[in-house]
Structures are given as C-alpha cells and as structure tokens.
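Structure first, commentary second.
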Amino acid sequence: MMKLYLKYYFIRVFLVNILALVYLSDTYSFDFGFISIQSLIYSIHVYSLYFFVFFETVSALISQYGLDFHFYKLILSNFLTLNYTYVGYVFYKNISIIYYLVFTTLIIFYLEKKKYEIVFKFKSYNINQKFYLFSFILAFILSILNPSLSHQSLIKRIKGATNMWTEVDKTFVYEVEHYNQMVKNHLFRNENWFITLNYSFIYSANLPAGSRELANIDDHKYFGNFEKIITQKKFNNIYVIINESYPNFRNQDLKNNLFQKIVLNNESLNIQKFKKKWNRSATTHGSEMEFFCDKEVDFYEFQKEELDIFLDKNNCWINNIKDKNFVYIHSYRESFLNRSRYKNFFDKSYFSNDLKKFGFSKCAQKFSGICDHDIMDNMDMLLDKKNDNFVIFLTLNNHIPVEPITDKQYINCEKNFPLNLSKQFCTIYNNQMFFNESISKFISRLEKNDLLVLFSDTPPMFSGKRRIHFEDTIDIYFISRI
8 MMKLYLKYYF
18 IRVFLVNILA
28 LVYLSDTYSF
38 DFGFISIQSL
48 IYSIHVYSLY
58 FFVFFETVSA
68 LISQYGLDFH
78 FYKLILSNFL
88 TLNYTYVGYV
98 FYKNISIIYY
108 LVFTTLIIFY
118 LEKKKYEIVF
128 KFKSYNINQK
138 FYLFSFILAF
148 ILSILNPSLS
158 HQSLIKRIKG
168 ATNMWTEVDK
178 TFVYEVEHYN
188 QMVKNHLFRN
198 ENWFITLNYS
208 FIYSANLPAG
218 SRELANIDDH
228 KYFGNFEKII
238 TQKKFNNIYV
248 IINESYPNFR
258 NQDLKNNLFQ
268 KIVLNNESLN
278 IQKFKKKWNR
288 SATTHGSEME
298 FFCDKEVDFY
308 EFQKEELDIF
318 LDKNNCWINN
328 IKDKNFVYIH
338 SYRESFLNRS
348 RYKNFFDKSY
358 FSNDLKKFGF
368 SKCAQKFSGI
378 CDHDIMDNMD
388 MLLDKKNDNF
398 VIFLTLNNHI
408 PVEPITDKQY
418 INCEKNFPLN
428 LSKQFCTIYN
438 NQMFFNESIS
448 KFISRLEKND
458 LLVLFSDTPP
468 MFSGKRRIHF
478 EDTIDIYFIS
488 RI
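See the structure below:
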C-alpha cells in the first residue's frame, strides 16, 4: 500500500512540475529555479494538489502584471466597472497559464480515476473513448506548440540554463547580455502563489505596483497641473529634470535614501512633493508631452508635428511663457523618436553630438550617450544667459538594461531586498544614487528665486512581473530656496 502511495505521490510531483515548466516558464517563479518546493508538500494529497494548481494559475496571471493580492480589493470594489474587454484580452494573451490549469487538472483527474494504471492497448477502448483520447492528445500537442510568450520563454530558459545562446540571439536579443543578472538557475524555486503572497505582506503598507488597466479608476488625488505651480510666482531660472527610469522602489528605506542624497548638505529648501500617474502607452515621450501641455492632447499628432506648431495648435500652457530663454538638453541622439522637431520651439537645443563638443564623457550603455552627471555638474556651460532660463533636461543613463556608470558602491545589495534579487536592480539604484549626488550639488548652486522640478519619470521598464517591486506612480518634486 505504501509503495502504491509513493508511486502516486512522485507521479503528481513530476506532472505538476513538468507541466509548469512547459506552460509557466515565463512567470516570475521560474526566474529563480525549476522544481517547486511547495509541490513536494501539497502533492501528498490529490485535493490539495487541485487547490494549489488553481491557486498557482490565478497567482501566475496577476504576477505577470506585477500585481500582488491587494489587487483583489481593487477588483471587488470596482467589479461592475471592470474593463471586461481588456480582461478577455488578458486571458487570451496569457493563454498558456490557462492551459496549465486545464491540462494539469484533466491529466491528474484522469490518472486518479485510472489509479495511475495506463492501458496502452487501444483495441480495448470503444469508439467514444478513442475519440476523446485522440482529441485530448491533439489539443495537448497544439497547446505545447503554441507561439505564446511562454513557449518562447521556455526555449530562452533552456538556452540560459545550458548557455547555448546562438549568435543570432546575441545580436538581436539584448537581454542575453543581462540574462544571468535577472534569472537564477537554482534547482528549487518557490511558486508564484508563494512569492506573491510573500510580497503582499512585505509591501502591505506601500503604494501599489503593476498594471491598473483592469479597472477604470478616476483618482483625483494625483497631480496634474504643472502650470499652476510653475507660474505661481515669477521664478528666475526654471530647471526641469525628466529622470529616465527613476527607481521608485516600494521599499521605502531605499526610496528615502535616494531622496536624502538629493537634499544632502542643502538647507532652507522649500520642497513640494506630488504623485502622478504615468502615461503607459507613451512612456517617457508622453511625459514630455504632458509636461508641455498639461492637458489631454493627441499623442500621435505630438509625435509627428513640429513642436512649436503642436503647442500653438493645442494652446499649451508652456507656449504662453514668453520671457524665458528655452533650452532643451538630452543625452541621446536627436533622431531618436524624432526629437529634432523640438528645435523650432527651443532657443537652444543640445543632443549627444552637440554635447560631445563640450568634452563631456560618454557613458557606455545599451543606449549609450553623454553622461548625465557631467551635464548636471556643468549646466552653466550650456546656458548663454545667467538669468531667465527655462531648461528641460531629459536624462538617459538609467534606461534599462543598465551598466554601472560609477565605481562607487552606495549600498550592499546582497543584504538589501529587493536589490539582492537582481544585479539590474542593484545597478539602477547605484546609478541613481550617483546622479542624485550631482543633483544635490546643483541645488546648492541655485539662487533664491530659482526653481528645480524633478520629474521621476516612468518606472524602469522591466517586464511586468518584475515591476511588483516598484511603485505604480511617479514622484514630482518642486524644489526652491526659502
């Protein structure tokens, strides 16, 4: 009897793990290992296995979007206003996770019914049994061969574990270079439900993460009026930093350390802090558009038209400021996203080729450009006037995937969660600390009537499943001297 029980147990463990590898290899759980620790426990009894297969399916689905279990409060409180068209799209896009539930449940149910005794003599099956068996096998094969992200990620996972990347992979898949920084090849792993439950407790008192698209929410608490604050008094010089991929970690100690680095050695500051939703469809480019106009406008028109024409046509607030020397600075190429169209609006514009002439150093990244800290430390070199400047500086160096831009180590990443989960998390945090030192020095040079606007731009564009560690909003700081 014990021998039969052990046989059933090991078959369950094998099936739940092999089917998870096939269908869930793109989920967060498989970033850490291969064999589920929890399956060794719940496979003891078939009913607990059914429950945890269902629980894992739901958890895998929400973890793909960087969500935790606090998301259910959002669902329940907005059940009637959910965007069900989008919900259907989510299920379709993550069909492999649904396959995992269906095929794991049906296979285990069938084997339990047969007492794990499989009869391979098809002659003993009647016509109906043969039809159902053939249909199931065909559906199972087609589900395995599906072209979804799960299937592609399984191939990538195997290549990563065996280091069998092809030259084509290395040329076109830039993640290969950073694969081992994000994914571990441990033997054992925790399942998505266990990880999500753990993060739900860790981040219970923090701001949410991940996608909010499943619900239609109109939250009026979020900031939406740059014009009101910037024009509330006659500032002399106005400096706007749109910080590429500012790492707004949900870990408040990490986040506070970043901000304390900005205000370090600076006293008598007036600091106003606001929260803002970020434009998911337009990301950084959309942040610029929203700052220029501060109201709902057509993003596709913004991408195509000359900036001065677009601002005039849409009566954007920034177009009404006539007494400033407008300067635009970006550490990257002007051809990227056609930002050369900004030139007709700004009195002076600097892109990477222009900045090279000043002897600024180059920071080697996937998106290599001029070092942001060099620009920050030498801002005055780029201004023709001492007063009445309106400067917009779009940074670059924290655009993922990131490389270290400094040898300084501001924190022991191995001892600090979630920096210890990924070298990319560690690098993006360290890079930002370094740049924040330059911001701090810049603040110390501000005159009493100057204004600095720090726009912590869109969350780092890690895949949704990894954005659970980042806030779902961006911070905007207005800093001036008292």
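If you're matching positions, the sequence shown starts at 8 in this note's numbering and goes up one per residue.
Ideal placement from N, C-alpha and C gives every residue a C-beta, glycine not left out.
None of the values given here were measured: they were computed from a predicted structure.
Item, Value
"Euclidean distance between Cα positions of T291 and S445", "22 Å"
"Run of the alpha helix (DSSP H) containing F317, from where it starts to where it stops", "L314 to K320"
"Inter-residue spacing [alpha-carbon to alpha-carbon] between K373 and I162", "24 Å"
"Buried versus exposed call for V175 [16 or more other C-beta atoms within 10 Å across all chains shown]", "exposed"
"Buried or exposed by the 16-neighbour rule on C-beta atoms within 10 Å, applied to Y93", "exposed"
"Spatial distance of Q259 from M386 (CA atoms)", "31 Å"
"Which of helix, strand or coil DSSP assigns to S487", "strand"
"Straight-line gap, D479 to E124 (C-alpha atoms, nearest Å)", "50 Å"
"Delimiting residues of the beta strand (DSSP E) encompassing Q193", "It is His, not Gln, that sits at residue 193 in the sequence shown. Per DSSP, H193 belongs to the beta strand (DSSP E) from H193 to R196."
"Helix, strand or coil at I481 according to DSSP, with G and I counted as helix", "strand"
"Integer-rounded CB distance, given that F298 should sit under 8 Å from F233", "6 Å"
"Beta carbon of R348 nearer than 8 Å to that of G73", "no"
"Cβ-heavy atom distance, K240 to the ligand NAD, below 7 Å", "The ligand content of the structure shown is nil, which means the ligand NAD is not present either."
"Within 8 Å, strictly: CB atoms of Q431 and Q188", "yes"
"Reference S487; option with closest CA among S463, R340 and L453", "L453"
"Candidates I134, G293, N326 and L56: closest to K284 by CA position", "G293"
"Classification of F477 by the beta-carbon crowding that lies within 10 angstroms, buried from 16 upward", "buried"
"Contact under 8 Å by Cβ, N326 with S451", "no"
"Three-way DSSP call (helix, strand, coil) for H227 in this model", "Here the model assigns H227 a pLDDT of 41, short of 50, so the residue's position is not dependable and the matter cannot be decided."
"Length of the line joining the Cα atoms of F242 and F230", "21 Å"
"Pairwise C-alpha distance: Y206 and S356", "44 Å"
"DSSP-derived helix/strand/coil call for C300", "helix"
"Enclosing beta strand (DSSP E) for Y246 [first to last residue]", "I245 to N250"
"Presumed contact (8 Å Cβ cut-off) between D381 and F367, rounded CB distance", "4 Å"
"Helix, strand or coil at I278 [DSSP, three-state]", "strand"
"C-alpha distance - F201 paired with E63, whole-angstrom precision", "9 Å"
"Residues near N437 in its chain [Cβ-Cβ closer than 6 Å; skip 5 each side]", "Y417"
"Span of the beta strand (DSSP E), counted from its first residue to its last, around Y253", "Y253 -> no beta strand (DSSP E), and no H or E assigned at all."
"When I316, N396, F442 and A212 are compared against L265, the one with the closest alpha-carbon", "F442"
"Limits of the beta strand (DSSP E) - the one that V398 falls within", "N396 to L401"
"Inter-residue Cα distance where the pair is V65 and L149", "23 Å"
"Distance between beta carbons of L108 and F61, contact taken as under 8 Å", "6 Å"
"Of the listed residues L389, D33 and D75, nearest to N475 (C-alpha basis)", "Checking the sequence, you will find Ile at residue 475 rather than Asn. Nearest option by C-alpha distance: D75."
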